[in-house]
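2 protein chains.
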Amino acid sequence: MTRHYNFCAGPAALPVAVLERARSELVDYQGRGLSVMEMSHRSDEFVAIAEKAEADFRQLLGVPENYKVLFLQGGASLQFSMLPMNLLGQGGSADFIQTGIWGKKALNEAKRLGYACHVAGSSEPNGHVAVPEHDVLRVSKDAAYLHYTSNETIGGLEFDYTPHMTREDGQSVPLVCDMSSNILSKPIDVSEFGVIYAGAQKNIGPAGLTLVVVRDDLIGRAKPDIPSLFDYQMLAEAGSMVNTPPTYAWYLAGLVFEWLRNDIGGLTAMDAINQRKSDKLYAAIEASDFYSNPIAEQNRSRMNVPFVLADSALDKAFLQEADQAGLLNLKGHRSVGGMRASLYNAVPEEAVDALVAFMADFEKRRG
Amino acid sequence: MTRHYNFCAGPAALPVAVLERARSELVDYQGRGLSVMEMSHRSDEFVAIAEKAEADFRQLLGVPENYKVLFLQGGASLQFSMLPMNLLGQGGSADFIQTGIWGKKALNEAKRLGYACHVAGSSEPNGHVAVPEHDVLRVSKDAAYLHYTSNETIGGLEFDYTPHMTREDGQSVPLVCDMSSNILSKPIDVSEFGVIYAGAQKNIGPAGLTLVVVRDDLIGRAKPDIPSLFDYQMLAEAGSMVNTPPTYAWYLAGLVFEWLRNDIGGLTAMDAINQRKSDKLYAAIEASDFYSNPIAEQNRSRMNVPFVLADSALDKAFLQEADQAGLLNLKGHRSVGGMRASLYNAVPEEAVDALVAFMADFEKRRG
Numbered sequence: 001m002t003r004h005y006n007f008c009a010g011p012a013a014l015p016v017a018v019l020e021r022a023r024s025e026l027v028d029y030q031g032r033g034l035s036v037m038e039m040s041h042r043s044d045e046f047v048a049i050a051e052k053a054e055a056d057f058r059q060l061l062g063v064p065e066n067y068k069v070l071f072l073q074g075g076a077s078l079q080f081s082m083l084p085m086n087l088l089g090q091g092g093s094a095d096f097i098q099t100g101i102w103g104k105k106a107l108n109e110a111k112r113l114g115y116a117c118h119v120a121g122s123s124e125p126n127g128h129v130a131v132p133e134h135d136v137l138r139v140s141k142d143a144a145y146l147h148y149t150s151n152e153t154i155g156g157l158e159f160d161y162t163p164h165m166t167r168e169d170g171q172s173v174p175l176v177c178d179m180s181s182n183i184l185s186k187p188i189d190v191s192e193f194g195v196i197y198a199g200a201q202k203n204i205g206p207a208g209l210t211l212v213v214v215r216d217d218l219i220g221r222a223k224p225d226i227p228s229l230f231d232y233q234m235l236a237e238a239g240s241m242v243n244t245p246p247t248y249a250w251y252l253a254g255l256v257f258e259w260l261r262n263d264i265g266g267l268t269a270m271d272a273i274n275q276r277k278s279d280k281l282y283a284a285i286e287a288s289d290f291y292s293n294p295i296a297e298q299n300r301s302r303m304n305v306p307f308v309l310a311d312s313a314l315d316k317a318f319l320q321e322a323d324q325a326g327l328l329n330l331k332g333h334r335s336v337g338g339m340r341a342s343l344y345n346a347v348p349e350e351a352v353d354a355l356v357a358f359m360a361d362f363e364k365r366r367g
Numbered sequence: 001m002t003r004h005y006n007f008c009a010g011p012a013a014l015p016v017a018v019l020e021r022a023r024s025e026l027v028d029y030q031g032r033g034l035s036v037m038e039m040s041h042r043s044d045e046f047v048a049i050a051e052k053a054e055a056d057f058r059q060l061l062g063v064p065e066n067y068k069v070l071f072l073q074g075g076a077s078l079q080f081s082m083l084p085m086n087l088l089g090q091g092g093s094a095d096f097i098q099t100g101i102w103g104k105k106a107l108n109e110a111k112r113l114g115y116a117c118h119v120a121g122s123s124e125p126n127g128h129v130a131v132p133e134h135d136v137l138r139v140s141k142d143a144a145y146l147h148y149t150s151n152e153t154i155g156g157l158e159f160d161y162t163p164h165m166t167r168e169d170g171q172s173v174p175l176v177c178d179m180s181s182n183i184l185s186k187p188i189d190v191s192e193f194g195v196i197y198a199g200a201q202k203n204i205g206p207a208g209l210t211l212v213v214v215r216d217d218l219i220g221r222a223k224p225d226i227p228s229l230f231d232y233q234m235l236a237e238a239g240s241m242v243n244t245p246p247t248y249a250w251y252l253a254g255l256v257f258e259w260l261r262n263d264i265g266g267l268t269a270m271d272a273i274n275q276r277k278s279d280k281l282y283a284a285i286e287a288s289d290f291y292s293n294p295i296a297e298q299n300r301s302r303m304n305v306p307f308v309l310a311d312s313a314l315d316k317a318f319l320q321e322a323d324q325a326g327l328l329n330l331k332g333h334r335s336v337g338g339m340r341a342s343l344y345n346a347v348p349e350e351a352v353d354a355l356v357a358f359m360a361d362f363e364k365r366r367g
């Protein structure tokens with residue numbers, strides 16, 4: 001068996017321990033005579049798997065009692081539609097902080113659906129290299145929520161603060177955060193948010209599962225003419241089982257949560273490891289004139305590290321040699337080019353060490 | 001390792017050969033050093049997996065060139081919303097044949113979204129024990145499509161004909177068929193349909209994947225204000241990758257298609273096996289006064305066989321003893337009670353033999 005280091009931005013690396021556990025249970029789950037994939041979602045066995053996964057997730061992230069956790073399909077992108085449909089059912093504006101491609105997609109989708117939208121702040125003027133400062137943000141008078149992307153996967157830009165905002169009338173604006181690419185990478189205070197959502201395929205599990213953490217008072221605001229499967233209230237009341245959920249992805253997410261709790265020791269421990277990993281890579285980039293990353297220091301993503309070579313003519317050779325050295329998927333997003341190393345939870349520190357060593361060697365030979 | 005016979009209605013049994021193949025490749029896909037779950041959906045490796053799956057599906061079902069095959073999320077239930085949003089964008093009515101719970105859900109969802117709906121025929125008067133005859137169906141003057149459920153998974157009612165209909169103005173009405181529970185169980189003529197769709201978790205693969213086969217002229221009729229991820233045109237143009245698709249479920253579906261082609265020998269061979277399986281079980285029910293099935297002979301489902309005991313007080317003992325004998329998930333749907341044996345493609349003939357033998361023995365002892 002071969003295992004390489006996988007720096008893919010998503011679907012991304014999973015912990016080897018999780019894959020091995022899944023393999024051992026794939027054909028026969030714990031002597032029950034069938035695979036998890038073959039279980040009714042309403043069977044006692046699967047309900048136990050699902051509940052354990054939710055309990056572990058709640059414990060890891062510290063999700064308060066007054067939040068529901070939904071296990072859905074459609075990816076974070078489907079939430080771009082579901083969010084305004086759920087949260088603007090009683091009017092108001094969707095406010096957005098724009099810090100890159102994903103936040104822009106969220107805004108464009110709300111506009112496409114005909115909702116009132118307002119840009120509360122944007123890093124577009126600086127080319128998305130620094131998150132706008134908190135004190136320049138301006139929410140609209142009737143902001144029903146403020147949406148932002150805590151980590152822009154493509155740009156490699158991560159918020160270094162939580163953008164709490166208050167409307168002119170003194171009302172606090174519910175924060176809605178797309179945490180697809182940095183959820184579970186560090187402890188957070190869930191009570192600061194109205195909605196947190198994330199596609200699974202970075203830090204949670206395989207593609208095809210989306211987690212939505214939503215505060216109770218934001219449930220039940222949708223108009224009755226939105227698709228049933230979009231309605232947070234119906235989904236919450238049915239325990240995410242209005243129809244058949246993606247059972248195997250849910251099970252795998254549960255294995256990842258167990259690994260985070262038992263093998264890593266929780267999010268504080270994960271945070272420290274992630275800090276070391278990204279510190280090492282940024283230090284290597286900083287120390288060299290051959291590699292560079294454009295992002296302001298305080299907003300450098302710990303999860304996605306884009307970088308370019310001084311001579312882009314060497315990109316192809318870099319990627320080819322890296323691949324041959326077992327360092328996979330370092331190509332930057334097709335919209336920006338260059339390189340990108342994604343250092344999600346499941347990417348071990350050894351992978352970063354190997355990458356840094358390869359980069360130094362490549363520079364010596366080709367720089 | 002233990003493997004029992006699994007009669008679950010969905011998520012349902014998968015071929016053991018498929019599970020074993022998936023297990024062997026789970027941690028390291030063909031020496032590439034990573035799992036299929038960890039591959040970028042845009043990588044050469046995954047694109048090859050995805051294209052092979054689609055090609056095999058097209059070959060198996062005989063999908064003509066002028067149809068797109070979409071690999072989506074959300075289950076068949078999400079199509080209940082997507083269908084009218086895509087097909088009624090230029091007006092007209094959604095017509096429905098009602099033969100049970102799933103068809104009713106499809107109708108109710110189109111109504112919920114505010115679309116004009118018409119019931120073209122219904123088996124409600126006969127308690128959903130016989131599909132309405134073709135010559136009693138009446139489509140509306142402006143029918144944009146006629147929706148039906150070729151096999152009602154809960155009721156165990158299967159169409160024995162294809163309900164082609166023509167409007168008063170002479171226009172043929174595009175047929176839209178929910179084939180979730182009998183797709184790939186036999187050869188069909190795809191060119192008879194406008195749209196065929198199916199949740200994967202019965203005859204295709206694991207839950208979390210939905211296949212939609214749509215004729216080209218029905219693509220591009222949606223209004224521009226529906227969710228992007230609902231728009232068949234955008235999905236078709238992006239090869240089902242507007243956002244990250246459920247990659248692992250797609251891969252597993254591909255393994256099932258390969259198994260159908262290579263191990264079974266295609267849909268004609270599968271059809272014969274399915275016929276023998278259901279013939280055996282219905283014959284056992286018919287031959288006994290202890291077991292009964294209410295469905296008219298010509299509409300008895302080959303995939304889902306509901307049956308009741310003469311004395312329902314014995315239901316619990318039947319299910320418990322069956323489970324102990326390694327015959328899993330024979331409980332009827334919670335909305336109807338009794339028993340149900342689902343005999344999807346992956347349920348081997350030996351499973352039916354074992355069930356029939358158990359039923360005879362149980363009747364002898366308790367009847």
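Line by line, the protein sequences are chains D and R. Numbering-wise, the first sequence is residues 1 to 367 according to full-length UniProt numbering. Numbering-wise, the second sequence is residues 1 to 367 according to full-length UniProt numbering. Where a beta carbon is used, it is the ideal one built from N, C-alpha and C, also for glycine. Computed from a predicted model, the values in this text were never measured in an experiment.
Cross-strand partners of residue i (DSSP beta bridge)
| i | result |
| --- | --- |
| D:M339 | D:F307, D:K331 |
| R:S158 | In the sequence as displayed, the identity of residue 158 of chain R is Glu instead of Ser. Paired residues: R:N151. |
| D:R215 | D:Y67 |
| R:N6 | R:L328 |
| D:D178 | D:T149, D:Y197 |
| R:S122 | R:Q98 |
| D:T166 | D:S172 |
| R:T210 | R:L72, R:G199 |
Residue closest to residue i, alpha-carbon to alpha-carbon, out of the options
| i | options | result |
| --- | --- | --- |
| R:S93 | R:D28, R:G100, R:G114 | R:G114 |
| D:M241 | D:E297, D:G332, D:I226, D:H41 | D:H41 |
| residue 368 of chain D | D:H128, D:A9, D:K331, D:L146 | Since the first residue shown for chain D is 1 and the last is 367, residue 368 of chain D is missing from the structure and cannot be characterised. |
| R:L281 | R:P246, R:E109, R:L60, R:F307 | R:F307 |
| R:F290 | R:F362, R:L355, R:S335, R:Y232 | R:F362 |
| D:V214 | D:S191, D:A253, D:G199, D:S150 | D:S191 |
| R:A269 | R:A13, R:P187, R:R3 | R:P187 |
| D:S181 | D:V129, D:G199, D:G170 | D:G199 |
| D:P11 | R:F7, R:V36, R:P15 | R:V36 |
| R:F96 | R:T149, R:A17, R:R340 | R:T149 |
| D:L88 | D:L235, D:D279, D:D231, D:Q320 | D:D231 |
Buried versus exposed call for residue i [16 or more other C-beta atoms within 10 Å across all chains shown]
| i | result |
| --- | --- |
| R:Y248 | buried |
| D:D135 | exposed |
| R:N126 | exposed |
| R:Q98 | buried |
| R:D56 | buried |
| D:K277 | buried |
| D:P132 | buried |
| R:V246 | Note on identity: in this sequence residue 246 of chain R is Pro, with Val being the wrong assignment. Under this definition R:P246 is a buried residue. |
| R:S228 | buried |
| R:K331 | buried |
| R:K223 | exposed |
| R:N329 | buried |
| R:D189 | exposed |
| D:R366 | exposed |
| R:T2 | exposed |
| D:P174 | buried |
| D:Q30 | exposed |
N- and C-terminal bounds of the alpha helix (DSSP H) containing residue i
| i | result |
| --- | --- |
| R:G75 | 75-87 |
| D:Y197 | Premise fails: D:Y197 lies in the beta strand (DSSP E), 195-199, not in any alpha helix (DSSP H). |
| D:Y232 | 232-237 |
| R:W250 | 247-258 |
| D:L60 | 44-61 |
| R:D353 | 349-366 |
| D:E297 | Neither: D:E297 is in no alpha helix (DSSP H) and is coded neither H nor E. |
| R:L184 | Run containing R:L184: none; DSSP gives neither H nor E here. |
Element boundaries [beta strand (DSSP E), containing residue i]
| i | result |
| --- | --- |
| R:A269 | From DSSP, R:A269 is part of no beta strand (DSSP E) but of the alpha helix (DSSP H) over 267-286. |
Do the stretch 163-171 of chain R and the stretch 194-210 of chain D make contact, defined as three or more Cβ pairs closer than 8 Å? No, the stretch 163-171 of chain R does not touch the stretch 194-210 of chain D.
For the pair the stretch 298-314 of chain R and the stretch 155-163 of chain R, tell me if three or more CB-CB distances fall below 8 Å. A contact between stretches requires three or more CB pairs, one per stretch, nearer than 8 Å, and the stretch 298-314 of chain R meets this requirement with the stretch 155-163 of chain R.
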